[in-house]
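First to last, the sequence lines map onto chains B and R.
According to my numbering, the residues represented by the first sequence are 68 to 278, in order.
According to my numbering, the residues represented by the second sequence are 68 to 278, in order.
Input: a single structure, listed below in C-alpha cells.
Number of protein chains: 2
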Amino acid sequence: MLALPPVLSDLIQRLSSLPGIGPKAAERLGLALLRRDLHEVQALADALLACRERVGDCPRCGCLSQDGELCAVCADGFRDGRLLCVVETALDAIALERGGGFKGRYHVLGGALSPLRGVLPEDLRIAQLLARIREESTQEVVLATNASPDGEATALYLKQELLALAQPEDALQAPLFVRITRLARGLPSGAQLDYADAATLHSALEHRTDF
Amino acid sequence: MLALPPVLSDLIQRLSSLPGIGPKAAERLGLALLRRDLHEVQALADALLACRERVGDCPRCGCLSQDGELCAVCADGFRDGRLLCVVETALDAIALERGGGFKGRYHVLGGALSPLRGVLPEDLRIAQLLARIREESTQEVVLATNASPDGEATALYLKQELLALAQPEDALQAPLFVRITRLARGLPSGAQLDYADAATLHSALEHRTDF
C-alpha cells in the first residue's frame, strides 16, 4: 500500500468523518482538491470557517440565521404571523419551505421529547413557544413534528400544553383560542399502493377526502 | 423556498462543485458542519489548505509527495530500482499499490497521448522516462497505461521509443536491453462470464494460461 503524503492522509481522514462520505469518496475528494487552484481551496476553507462561526439559531424561531440576526422567514414582513408551524429541527423547516405553500412562520423545538434518551420538555424550546403564542396572538399552530413515535408523543404533549393555555388556571390570564392542527397522513406523492406500508395505507383510508 | 443564510449558501455551492457531491449531499454536508465543534471545522479548513500547499509531484517519479521531497516509493530503499511501472497519473500508481505485489518503482507520465485533445509527446514526462531508464539501468518497463484507446496508443508510442533506445542511431550511445511488458488483459476478479463484454472475453480467451 502506497503511503500517501501525511497531510493528504490527514485530510482524507477528516473528510471521511463527514456524513455520506466514505473512505473511497474522501480519497477521491482529497485528490481532486490537489488539482484545484490554490485560491479556490482557500475560498472553500474560508467558507467552512465563516459558516461555522457566523451561522446560528434565529433568536425568535430557532431556524438558521446569520450573525445572530432574525432568519429570512422571521424578517419577512409578508409572512402571516398568526400561523405558526412547530418543527423539531431547522432542517424540517427547510424541507417544508422547499415544498412551498406555507405562508406562516416557524418555531424550532430543537428535537423531540424522548424520556428514554433523556430529552424532557425543559430541554426543548417549549416555554419559548408558549410565550410566543401569547405575544404574537397566534391563531393556528401546525404541529409538524415527525411521524415517528417520539414526534407523535411530542405533538400530543404540545396539544395538552396548548389546551391548558386555552383554559388558564390563573384567572388573571386571558384564555387563548388557538386552532391546533397536524400534518396530513396518507400516501406520499407518486406512491404505488402495493409498495406502501400498512400504517400508511390505514391512515390514507381513514383520512380519505371527498373527490 | 427558505433563503438559507448567505454564508451557508456559499459553502453549499462550493461543496457541490466537488466531484461526487451533488446539491443535496452538499446541503447535508453544510448543515452537518454547523453542528461540529469550531476547532474541528478549523482543523478541516487547515487540512484543506495544508494539503493543497504542501502536496506536489515527486521530483523523480511524479507520484504524490510532500514538500518537494521524494515520494514514499522513491524513498524506499527496498524497492527494486530495475523494475519501472509507467502509469498515466499518480492515482493509477495509488491504485496499483492498493493491489499490492509490485516491488518496483513508478513513473507518472501526467496523462495519455491524445492528438485530438492536443496532448503530444512533449506534454508528457516521456523525455524524463527515457533519461531515467538510461540512468537507473532499468531492466523491465511495465507499460501500465489505461486499457483505453488513448492509453493503448501511448503504450505503443512508448514501445517504439524504448526500442529506439535499444538500437540508438548515435553510435556513441550504448544500446540498452529493456524488457517491455504490459498489464494482463482478461476477466476481472469475481467477474461472471455472461456479464463480461465481448472485447474482454476475446482478450481472456486469447491470453489464456496453463492451469
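Using N, Cα and C, we set each Cβ at its ideal position, and we do this for glycine too.
Since the structure is predicted, the reported quantities are computational estimates derived from the model, not experimental observations.
*Any chance the stretch 108-124 of chain R sits against the stretch 198-217 of chain R, with 3 or more Cβ pairs inside 8 Å?*
Flag = no, the stretch 108-124 of chain R and the stretch 198-217 of chain R do not touch.
_the stretch 86-93 of chain R touching the stretch 131-150 of chain R, judged by at least three CB pairs closer than 8 Å_ = No: fewer than three Cβ pairs fall under 8 Å.
*For ASP77/B, return the contacting residues in chain R, with the cut-off set at a CB-CB distance below 7 Å.*
The contact set of ASP77/B on chain R, defined by CB atoms closer than 7 Å, consists of ALA114 in chain order.
*Exposure label - SER132/R; buried when at least 16 CB within 10 Å*: It counts as buried.
*Can you tell me whether LEU272/B is buried or exposed, with buried defined as 16 or more other CB within 10 angstroms of its CB?*
The residue is exposed, with fewer than 16 neighbouring Cβ atoms inside 10 Å.
*Alpha carbon to alpha carbon, how far is GLN195/R from ASP217/R? Give it in angstroms, no decimals.*
Rounded to whole angstroms, the gap between the alpha carbons of ASP217/R and GLN195/R is 20 Å.
_Minimum length 3: unbroken beta strand (DSSP E) runs contained in the stretch 230-278 of chain R_ = The qualifying runs are 246-249.
*Test item: CB-CB of LEU180/R and ALA220/R under 8 Å*: Yes. Within cutoff.
*Hey, is ALA70/R's beta-carbon within less than 8 Å of any beta-carbon in chain B?*
With 8 Å as the cut-off, ALA70/R counts as an interface residue toward chain B.
*If we cut at 8 Å on Cβ distances, does GLY97/R have a partner in chain B?*
By this cut-off, GLY97/R is an interface position.
*In this structure, does DSSP put VAL140/R in helix, strand or coil?*
Correct three-state label for VAL140/R: coil.
*Using a beta-carbon distance below 8 Å, is VAL219/R in contact with chain B?*
Note on identity: in this sequence residue 219/R is Glu, with Val being the wrong assignment. Taking Cβ atoms only, chain B never reaches closer than 8 Å to GLU219/R, which makes this a no.
*Helix, strand or coil for LEU176/R, going by three-state DSSP, please let me know.*
Three-state result, LEU176/R: coil.
*Buried or exposed (CB count within 10 angstroms, at least 16 for buried), LEU230/B*: Around the beta carbon of LEU230/B, a 10 Å sphere encloses fewer than 16 other beta carbons of the protein chains shown; the residue is thus reported as exposed.
*Excluding sequence positions up to five away, which residues of its chain have a Cβ less than 6 Å from the Cβ of ILE79/R?*
Closer than 6 Å at the Cβ level, and outside the excluded window around ILE79/R, lie ALA93, GLU94 and GLY97.
*asked:* Check whether chain B comes within 8 Å of GLN133/R, counting only Cβ atoms and requiring the distance to be less than that.
replied: Taking 8 Å as the threshold, the shortest C-beta distance from GLN133/R to chain B falls below it.
*ARG127/B versus chain R: which residues are under 8 Å apart at the beta carbon?*
Those do not exist, as ARG127/B stays about 15 Å from chain R at its closest Cβ, beyond 8 Å.
*asked:* Quick check: what's the CA-CA separation for VAL122/B versus ALA70/R?
replied: The straight-line gap from Cα to Cα measures roughly 13 Å.
*Using the beta-carbon count (16 or more within 10 Å), is HIS174/R buried or exposed?*
HIS174/R comes out buried.
*Can you have a look at ARG165/B and say buried or exposed, based on whether 16 or more other CB atoms are within 10 angstroms of its CB?*
ARG165/B counts as exposed, since fewer than 16 other C-beta atoms from the protein chains shown sit within 10 angstroms of its C-beta.
*Per DSSP, what kind of secondary structure is SER84/R in: helix, strand or coil?*
Residue state, collapsed to three classes: coil.
*Best match in ALA266/R, LEU150/R, PRO188/R and GLU236/R for proximity to ARG249/R [C-alpha to C-alpha]*: Closest option to ARG249/R, Cα to Cα, is LEU150/R.
*Spell out whether any CB of chain R is found under 8 Å from the CB atom of ARG275/B.*
Taking 8 Å as the threshold, the shortest C-beta distance from ARG275/B to chain R does not fall below it.
*CYS125/R (DSSP reduced to helix, strand or coil)*: In the structure shown, CYS125/R sits in coil (DSSP, three-state: anything other than H, G, I, E or B).
_Contacts of ALA110/B in chain R (Cβ-Cβ under 7 Å)_ = Neighbours of ALA110/B on chain R, chain order: ARG81.
*asked:* Considering only their Cβ atoms, is the gap separating LEU197/R from LEU232/R smaller than 8 Å?
replied: Between LEU232/R and LEU197/R, the C-beta spacing is below 8 Å.
*Going by other Cβ atoms of all chains shown within 10 Å of its Cβ, with 16 needed for buried, is LEU187/R buried or exposed?*
Exposed, by the Cβ-count rule.
_Looking at the secondary structure, which residues open and close the beta strand (DSSP E) in which GLN133/B lies?_
Where GLN133/B is concerned, the enclosing beta strand (DSSP E) stretches over 131-133.
*Are there 16 or more other CB atoms within 10 angstroms of the CB of GLU202/B, so buried, or fewer, so exposed?*
Its Cβ having fewer than 16 others within 10 Å, GLU202/B is exposed.
*Close-in-space but distant-in-sequence residues of the same chain around GLY185/R (CB under 6 Å, 5 per side omitted)*: Closer than 6 Å at the Cβ level, and outside the excluded window around GLY185/R, lies no residue.
*asked:* Give me, in chain order, the residues of the same chain whose beta-carbon lies closer than 7 Å to that of ASP159/R; leave out the 5 immediate sequence neighbours on both sides.
replied: ALA211, listed in sequence order.
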